[in-house]
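**Student:**
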Amino acid sequence: MAQGAVQVRQMWPDILEAVKNRRRFTWILLSQNATVAGFDGTTLQLGFSNPGARDSFVGGGSEDVLRQALQDAIGVQWRIEAIVDPSGGAGQQGGGPGGPGGPGGPGGFGGAGGPSGPGGYGGGGGGATGGG
1 MAQGAVQVRQ MWPDILEAVK NRRRFTWILL SQNATVAGFD GTTLQLGFSN
51 PGARDSFVGG GSEDVLRQAL QDAIGVQWRI EAIVDPSGGA GQQGGGPGGP
101 GGPGGPGGFG GAGGPSGPGG YGGGGGGATG GG
């Protein structure tokens, strides 16, 4: 998949230009949020920088625009697979919400339970320790 992806990446600027001529929204979405993640000879795998961009691509008709642009630019009819790129895709770096140290990590924000502040107020423990 890697060698084919390299060739598609080399053609990507021409493909984007064909997309731009068809639908500017799709061109912006692809140029700012997507990279060629892989290609196996029949399926073009696009890695999107976040789930929202991927969902906009899939649900907004942009997949059809890209398919038509591929036909116009390089004369191919490939299957398109849109994924969220785990490496951050088009230049987004660092861990966002849920990134490294995600939920339950050090320094988490408040939630139910847990002691806060020095010492307890009001007399000592209730019936939980009550051995007899």
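Number 132 marks the last residue of the sequence shown (UniProt numbering); no jumps.
Think of the CB as a built atom: it goes at the ideal place given N, C-alpha and C, for glycine as much as any other residue.
The structure displayed is predicted, hence computed values, not measured ones.
Under three-state DSSP, which class holds G41?
**Tutor:** Note: G41 maps to coil in three-state DSSP.
**Student:** Compare the Cα-Cα distances from F39 to each of F57, V58, V8 and V65 and report the closest residue.
**Tutor:** Comparing Cα positions, the closest option is V8.
**Student:** If you reduce the DSSP assignment to three classes, tell me which class G75 lands in.
**Tutor:** Coil, per DSSP.
**Student:** In chain order, what residues of the same chain have a beta carbon less than 8 Å from the beta carbon of R79, not counting five sequence neighbours either side?
**Tutor:** Only T42, T43 and L44 meet the Cβ criterion.
**Student:** With DSSP as the reference, identify every bridge partner of I80, one or two as the case may be.
**Tutor:** Note: I80 sits in a beta bridge opposite L44.
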